[in-house]
Structures are given as structure tokens and as C-alpha cells.
Ligand code: SAM
Ligand code: SF4
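Residue numbers (my numbering): 12 to 343.
Encoded structure:
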């Protein structure tokens, strides 16, 4: 029965409407990217991790408050064997229109059938380099062939728009950025260059020396390919989108540090250990354990979501600082 006092939209104190859920289903990963700091896949899944039922309750509570998109991330979400079931439940939740994953792609070929059956309609694949040895170094041992294969498969399966994420880092993959941009020329691939955020508790000097602004990357790309054309986009989207003239895909610049988009933030996060996190770049989290374990978890989670929206900060902590949790535990 509809609770007449419950708002049908989740709005924060600054008038931002929260529509997008990010669910981190594991802090484990089979890669070890320098900027992210994951537990390895040799670790067992930590205790108290989100169950299929937890995710279902949280997605239902969110949908009752008007959230309509759920993205599964991690860690590496495809390490969770229950991921298809979680996605299937989200797909069958009234109000949820969009189900997506962010993945390193390594297990996509192996698992794509069950993910498609579960309702996957969008995929972001992370790829920081095309050169095998630079890729191996950036990911702590990854094989770029597997990721390229996942990208080909996503295109074959028409999971458009297929978006690729690359974190731009001086000294790590700066020599790869033009080749990554080139991927958008002949295939409908949407390559997004993301500014490195200080979410791995690295020392300040190494962070500052690796940081590359989106404007610097764009200038390098324009020096090679000519002036990029602007692609009009939804103003709430974090990416500024362009294209190389006559290319099939596009190039996006996600500049959370040099051009913060907090004013249009529409996100709420759920961490793998049952915490609700209003902002990627602030440490504030709400412990939702009691709500998940209560007799009526959906109503209790609605209360947690309302409180989390109320506590969402106007802006994240953009400057480097020691964080209570690193990226992999938050969910990118
Ligand atoms: N394992 C999956 C993957 O790599 O796509 C999903 C999780 S990962 C944390 C999600 C995204 O966050 C990836 O595209 C990754 O490149 C990005 N990311 C991780 N750490 C980051 C950081 N410190 N700054 C900017 N982006 C980061
Ligand atoms: Fe793993 Fe993704 Fe983090 Fe890389 S960015 S270590 S692939 S979770």
C-alpha cells in the first residue's frame, strides 16, 4: 500500500533530484589498478556483504522514491556469481528503467549470456591502455586482449552506447591517450577520459605528479585530430562530450576535479558492506545494517535514503586527503 506521506521523488537540501543508484557488489577484483586499491580476488568475499535480497530491498526502496537507474559496480562486479540474479530483480522492479554495469571486461565473454538474460542493457568497460605492457603495468597484471575482446562482444551484442572508461595519468598511460581516442574513429565507441581522483590514499607527491586535467588531454587530442565537435548532452551528465569530425563514436571528458559537476549530481551509492553513501568524494556514510535486518526492510531503507539525501553535501572533497575508504570499497 502506498504510504501517503512518503515523497515520490528523492530531493536533497540543495534541490538536486536523486535518480541514479550505484551499487558496489564486492570490494574484490582480479586487477590491481594503482588508483583504486582493491582486495585481490584471492581474498574470500568479506563477511556481511550485500546479499541478493539486500540488493532487491534497496532497489525497491529506491524505486519507490523515484530512482530509475541502477548501475552495478565494485570492485569487479562480475566476480559476484549472484550478479545476474541481482540484475534480474532490479529489471523487474517497477520504476527501474535502466540497468548497467561498469566492469573491467575480463569475465564478460564468459558471463554475457546470463547477464543479458538478466536484463543488462548498458555496459561501461574500463581500459586505460592499448599497449599490452602498459596495460599490464596499469592494472597490476591484466591482459588487454581480454578487454578488447569484451569490447568487440559488447558491440556485437548491440549494447549501445558502449562506453569505455580511461583514467588519464601522467607517467602511467599518458602515451596511450591518443590511441584510446582513435578507438572512437571507426567504431561506435564512446571513450571517456576520467580525471584521476585522490581515492587511493596515495602520497600527495605521486598523486600531483600523475594528475592530468581533462583540458590537457583534450588539447593533446585536438593537436593530433583537429578541433573536436561538441556533442550536445543532458546537462546532468558528468561528461562533456565531443567527437572527432566524421568519427562513429565520441570522446567524453569527465573532469570531477578541474570542473566539478557536483551541482548536477543525481547519485546515491550503496557499498558492498551495506552502507549508504551520498557522495563519492566525502567520507560520510550511513550504516544501513539495522534497516536491512529489520522486519520491514523496504520501509526502513526508505528512511535511510531520505536521511542520506538530507545529508548529501553540496560538494565533495576534491582536494587530496586521507580517505576512510579507497575507491574500490566505495564503488566507482
Ligand atoms: N572493476 C570495474 C571497472 O574497473 O570498471 C568497476 C569498478 S571501478 C572502481 C569503476 C571505475 O572507476 C573504473 O572506470 C575506474 O577506472 C574508475 N576509477 C577507479 N579509481 C579511480 C580514481 N582514483 N580516479 C578516477 N577514476 C577511478
Ligand atoms: Fe579492479 Fe576496476 Fe579497481 Fe581496476 S578500477 S582495480 S579493474 S575495481
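Cβ coordinates follow ideal geometry from the N, Cα and C atoms, glycine included.
Because the structure is a prediction, the values reported are computed rather than measured.
Task: Distance between beta carbons of residue 205 and residue 236, contact taken as under 8 Å - done: Contact flag wrong, Cβ pair sits at about 19 Å.
Task: Separation of residue 181 from residue 220, as counted between CA atoms - done: 7 Å
Task: Inter-stretch contact (C-beta, 8 Å, three-pair minimum) for the stretch 264-274 and the stretch 36-43 - done: no
Open item on the list: Let me check one thing: in DSSP terms, what residues is residue 173 bridge-paired to?
Closed with: 200
Task: Secondary structure of residue 236, DSSP reduced to three states - done: helix
Task: For residue 261: DSSP bridge partner residues - done: 201
Task: Cβ neighbour criterion (16 or more within 10 Å) applied to residue 338 - done: buried
Open item on the list: Quick check: is any heavy atom of the ligand SF4 less than 8 Å from the C-beta of residue 115?
Closed with: yes
Open item on the list: Any heavy atom of the ligand SAM closer than 8 Å to the beta-carbon of residue 100?
Closed with: no
- [ ] Output the distance between the C-alpha atoms of residue 215 and residue 43, rounded to the nearest integer angstrom.
- [x] 20 Å
TODO: Tell me whether residue 187 counts as near the ligand NAP, meaning its Cβ is closer than 8 Å to at least one heavy atom of that ligand.
DONE: Absence of the ligand NAP is noted for the structure shown, with the ligand SAM and the ligand SF4 being the only ligands found.
Open item on the list: Restricting to Cα atoms, I'd like to know which of 313, 318, 284, 314 is closest to residue 58.
Closed with: 284
Task: residue 183 and residue 149 closer than 9 Å at C-beta - done: yes
Open item on the list: Any contact between the stretch 95-105 and the stretch 136-147? By contact I mean 3 or more CB pairs, one from each, below 8 Å.
Closed with: no
Task: Validate contact between the stretch 13-31 and the stretch 276-291 using beta carbons, cut 8 Å, 3 pairs - done: yes
Task: beta-carbon residue 277 near the ligand SF4 non-hydrogen atom, thresh 8 Å - done: no
Task: Euclidean distance between Cα positions of residue 122 and residue 89 - done: 8 Å
Open item on the list: Whether or not the stretch 103-110 and the stretch 155-170 are in contact is what I'm after, with contact meaning three or more pairs of Cβ atoms, one per stretch, closer than 8 Å; do they touch?
Closed with: no
Open item on the list: Just checking residue 210 against the ligand SAM - is the residue's beta carbon closer than 8 Å to any of the ligand's heavy atoms?
Closed with: yes
Task: C-alpha gap between residue 117 and residue 136, whole angstroms - done: 9 Å
Open item on the list: What does the Cβ neighbour count give for residue 321, buried or exposed, with the cut at 16 atoms within 10 Å?
Closed with: exposed
Task: Buried versus exposed, by CB contacts within 10 Å (16 or more), residue 169 - done: exposed
Open item on the list: Measuring only the C-alpha atoms, how far is residue 213 from residue 86?
Closed with: 18 Å
- [ ] Check whether the Cβ atoms of residue 187 and residue 232 lie closer than 9 Å to each other.
- [x] no
Task: Extent of the continuous beta strand (DSSP E) to which residue 110 belongs - done: 109-114
- [ ] Leaving out five residues on either side along the sequence, give the residues of the same chain with a beta carbon under 8 Å from the beta carbon of residue 364.
- [x] Beyond the ends of the chain as shown, which are 12 and 343, falls residue 364; an answer cannot be given.
TODO: Mark residue 274 as exposed unless 16 or more other C-beta atoms lie within 10 angstroms of its C-beta, in which case mark it buried.
DONE: exposed
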